[in-house]
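What follows is a short report on a single structure.
Numbering (our numbering), first residue to last: 91 to 210.
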C-alpha cells in the first residue's frame with residue numbers, strides 16, 4: 091500500500107475476512123504513513139472479541155469502519171460505555187478502558203503516545 095494513503099474500505103473488508111477465518115477471531119494491521127509519533131492501527135474482531143482492559147498512554151481516538159463496538163471504562167462517577175457504529179469517531183478516555191465487538195467489526199485506532207505515559 092502507498093505510504094501516503096490507504097483505502098480504508100478495502101482494508102476493512104480484508105481485515106474482517108482475516109479475523110473471521112482466524113482461530114483467535116481477530117486481525118490487526120499497523121498503517122505505515124511515515125509518521126514517528128502518530129500511530130494508526132486497524133483492528134478487526136469477530137463478535138465478542140476485542141481488547142481487554144488496558145491503559146491509555148496518551149491521546150487516542152477510534153473510528154468504527156464496520157460493525158459495532160462498545161468502549162467501556164470506569165471513573166469516579168461510575169461505569170461508562172459508548173456503543174459506536176460506522177461513521178462515528180470516539181475519543182478514548184484517559185482511564186483504563188476495554189473494547190468489545192458487538193458484531194463482526196473493524197475499527198481504526200489513532201494514537202499519540204505522550205512522554206512518560208504508560209499503557210498501550
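Ideal Cβ positions, reconstructed from N, Cα and C, are used throughout, including at glycine.
One alpha carbon belongs to residue 103, the other to residue 123, and they sit about 20 Å apart. Non-local C-beta neighbours of residue 139 in its own chain, meaning closer than 6 Å and more than five positions away in sequence, comprise 115, 116, 191, ordered along the chain. Around the beta-carbon of residue 187, 16 or more other beta-carbon atoms lie within 10 Å, marking it buried.
Excluding residues up to 5 positions away in sequence, 133, 152, 153, 154, 155, 159 lie with their Cβ nearer than 7 Å to the Cβ of residue 197 in the same chain. Burial state of residue 194 is buried, judged by a 10 Å Cβ sphere holding 16 or more other Cβ atoms.
Boundaries of the beta strand (DSSP E) around residue 132: 128 to 135. Put simply, the backbone Cα of residue 141 is about 18 Å away from that of residue 165. Taking 9 Å as the cut-off, the Cβ atoms of residue 162 and residue 189 count as close. A Cβ-Cβ separation of about 15 Å leaves residue 118 out of contact with residue 150 under the 8 Å criterion.
The straight-line gap separating the alpha-carbon atoms of residue 113 and residue 157 is approximately 19 Å. Between residue 121 and residue 96, the C-beta gap is smaller than 9 Å, which places the two residues in contact. Look at residue 173 here: in three-state DSSP terms it is strand.
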